[in-house]
Amino acid sequence: MATLSLEEVSKVFANGVTAVRSIELSVDEGEFVILVGPSGCGKTTVLRMVAGLEEVTSGVIRLDGRVVNDLSAKERDVAMVFQNYALYPHLNVLQNIAFSLRVRGVPRHERDQRARQAAEMLGLTEVVERKPGQLSGGQRQRVAMGRALVREPAVFLMDEPLSNLDASLRVQMRSEVLRIQRRVGVATLYVTHDQTEAMTMGDRVAVLRDGALQQFAPPQELYERPANLFVASFIGSPAMNLYEATVRGNADRPVLSLGEQRLALSADVARRHPGLVGDGRSIVVGIRPEHLTVAAGDGDEAARERTLAVRAELIESLGNESLLHFVTDARTVRNRGGVFTATEDVEPSGDIAAATAAESIARLDPRVRIAVGDRVELAVDTDRILFFDAETGETIRAVASPSAVGSVPR
18 MATLSLEEVS KVFANGVTAV RSIELSVDEG EFVILVGPSG CGKTTVLRMV
68 AGLEEVTSGV IRLDGRVVND LSAKERDVAM VFQNYALYPH LNVLQNIAFS
118 LRVRGVPRHE RDQRARQAAE MLGLTEVVER KPGQLSGGQR QRVAMGRALV
168 REPAVFLMDE PLSNLDASLR VQMRSEVLRI QRRVGVATLY VTHDQTEAMT
218 MGDRVAVLRD GALQQFAPPQ ELYERPANLF VASFIGSPAM NLYEATVRGN
268 ADRPVLSLGE QRLALSADVA RRHPGLVGDG RSIVVGIRPE HLTVAAGDGD
318 EAARERTLAV RAELIESLGN ESLLHFVTDA RTVRNRGGVF TATEDVEPSG
368 DIAAATAAES IARLDPRVRI AVGDRVELAV DTDRILFFDA ETGETIRAVA
418 SPSAVGSVPR
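Residue numbers for the sequence shown, in my numbering: 18 to 427.
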């Protein structure tokens with residue numbers, strides 16, 4: 018068993034482009050760590066530096082405590098699984114799995130035995146004599162994993178290994194990859210642009226943006242306590258609804274102004290967010306789609322103070338839930354080329370792109386009946402709202418509520 022650590026690792030290419038900026042992260046023994054982020058954020062470059070396929074410009078990479086910066090890819094005890102599988106088309110399954118052992122000079126009897134053991138673990142026993150062209154996408158992926166497994170490496174590196182599979186097979190292979198990794202107990206660094214993969218597979222997830230690490234934490238922490246607007250908008254499906262807002266009132270009765278609408282916050286929310294209150298302060302608020310529900314028509318005054326008036330634009334029925342796309346007079350905030358800006362007020366005009374940019378989403382009970390164009394009152398779980406500094410995009414942190422000793426602060 019081994020560990021992997023990156024200490025202030027950066028990569029600047031010969032043309033002056035900085036691909037990775039002072040990355041700090043670690044992978045413990047048996048841990049499954051995900052690198053996630055949009056295309057071009059530096060994920061694969063990090064993986065290639067760990068593998069020895071790219072030189073490190075600055076910083077240190079340690080494998081089980083040993084600095085490996087100057088070791089060649091062959092000298093590092095790592096195995097990499099690529100996006101395109103990189104199988105040899107003229108070799109059968111068993112020969113592909115055993116190829117790395119053959120290169121290392123392992124005796125034929127031993128490499129055949131180890132390859133057959135790996136094939137059995139991966140459910141490939143029935144197809145060991147077939148060549149890659151005769152296999153399904155999932156089977157080819159298993160062969161690629163078998164070739165990595167049979168080497169018994171200290172660390173697995175996986176570069177978007179499921180991206181070439183169709184949606185249903187991708188879901189199936191997620192669980193298979195995890196099952197295999199748990200069984201062999203090897204530290205694994207896995208690259209993906211799919212945040213669903215990141216959330217369902219990772220023990221910890223590192224979110225990258227423009228080569229810089231935004232947050233490194235367990236999936237649930239990223240979801241409940243994102244470090245900034247980028248992480249908040251990237252993690253979660255459907256994405257978090259973000260709005261410009263102004264804080265009014267005092268710590269005993271803070272009120273959010275969203276467009277012409279008002280959302281009352283409890284005094285407890287204000288106490289848990291001491292950096293929030295300040296009459297007239299401009300912030301960005303984040304509301305998850307599942308924290309919106311259709312308001313009861315007979316709600317009391319306090320309940321009505323925690324609702325948003327919206328107009329239904331589209332309803333997606335998914336069987337177990339419905340996604341309500343809606344617009345409201347609150348200005349939505351979107352990531353545009355790395356900059357978070359608010360949409361302009363959008364009136365129905367046939368401009369589909371503009372209208373979509375202004376839409377928000379609520380995740381509702383499928384039994385709720387709403388038609389396009391309906392005016393709807395949505396109740397907001399104000400205790401679950403997230404708050405962000407409008408200038409820096411950083412989260413306005415919460416502290417533990419005095420009335421909830423032992424609870425986890427949001």
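Ideal Cβ positions, reconstructed from N, Cα and C, are used throughout, including at glycine.
Nearest-angstrom Cα separation, counted from residue j out to residue i
i      : j      : result
Phe357 : Thr62  : 26 Å
Leu182 : Ala320 : 47 Å
Leu141 : Phe404 : 50 Å
Arg159 : Gly355 : 37 Å
Ser339 : Gly219 : 28 Å
Gly69  : Leu195 : 25 Å
Gln198 : Asp227 : 29 Å
Leu118 : Arg128 : 6 Å
Arg131 : Ile378 : 51 Å
Ser283 : Ala268 : 9 Å
Gly297 : Thr263 : 6 Å
Arg191 : Val327 : 38 Å
Arg288 : Arg323 : 18 Å
Ser75  : Val95  : 21 Å
Glu333 : Phe116 : 49 Å
Val286 : Met66  : 44 Å
Ser250 : Val145 : 44 Å
Thr205 : Leu64  : 11 Å
Asp87  : Leu341 : 54 Å
Thr35  : Glu71  : 13 Å
Ala415 : Glu193 : 38 Å
Leu309 : Leu325 : 9 Å
For residue i, three-class secondary structure by DSSP
i      : result
Asn113 : helix
Glu127 : helix
Ser250 : helix
Leu23  : strand
Asp368 : Reliability of the predicted coordinates at Asp368 is poor, the pLDDT of 49 falling under 50, and no value is obtained from them.
Val302 : strand
Val356 : strand
Thr310 : strand
Thr399 : helix
Ala132 : helix
Glu146 : coil
Glu169 : coil
Glu408 : coil
Where the beta strand (DSSP E) containing residue i begins and where it ends
i      : result
Tyr260 : Asn258 to Arg265
Leu141 : Careful: Leu141 lies outside any beta strand (DSSP E) and carries neither H nor E.
Lys60  : Unbroken run through Lys60 is the alpha helix (DSSP H), Lys60 to Ala68; no beta strand (DSSP E).
Gln278 : Gln278 to Ala281
Gly76  : Ser75 to Leu80
Arg380 : Ser377 to Leu381
Val272 : Val272 to Leu275
Residue i versus the options, residue with shortest Cα-Cα distance
i      : options                           : result
Glu46  : Ala171, Asp391, Gly266 and Leu139 : Ala171
Val44  : Gly54, Gln130 and Pro235          : Pro235
Gly254 : Glu214, Val222 and Ala244         : The sequence shown places Ser at residue 254, not Gly. For Ser254, the nearest C-alpha among the options comes from Glu214.
Ala256 : Val224, Arg305, Ala284 and Asn267 : Arg305
Gly390 : Thr409, Leu331 and Glu238         : Leu331
Arg380 : Asp317, Val416, Glu307 and Val110 : Glu307
Gln212 : Val203, Val201 and Leu225         : Leu225
Lys60  : Gln231, Ala375 and Arg386         : Gln231
Leu152 : Leu111, Leu275 and Phe233         : Leu111
Thr349 : Tyr260, Asp382, Gly303 and Leu335 : Tyr260
Val98  : Gly336, Gln278 and Tyr207         : Tyr207
Gln189 : Thr217, Pro124 and Val248         : Thr217
Pro271 : Asn258, Gly292 and Gly410         : Gly292
For residue i, the residue or residues it bridges with in DSSP
i      : result
Thr349 : Tyr260
Lys91  : Answer is none; Lys91 lacks a bridge partner.
Glu333 : Leu340
Leu175 : Here residue 175 is Met; the residue named in the question, Leu, does not match the sequence. Looking at the DSSP assignment, Met175 forms a beta bridge with Val98 and Tyr207.
Val222 : Ile51 and Ala234
Ile40  : Val26
Arg328 : Val344 and Arg392
Thr35  : Val29
Arg121 : According to DSSP, which records beta bridges pairwise, Arg121 is partnered with nothing at all.
Val85  : Paired residue(s): none; Val85 is not in a bridge.
Asn245 : Glu411
Ala229 : Arg38 and Arg226
Span of the alpha helix (DSSP H), counted from its first residue to its last, around residue i
i      : result
Arg191 : Ala184 to Val201
Arg289 : Ala284 to Arg289
Ala215 : Gln212 to Met218
Leu11  : Since the first and last residues shown for the chain are 18 and 427, residue 11 lies out of range.
Arg321 : Glu318 to Arg321
7 Å Cβ cutoff, residue i in contact with chain D
i     : result
Gly33 : Among the protein chains of the structure shown there is no chain D, as only one such chain exists.
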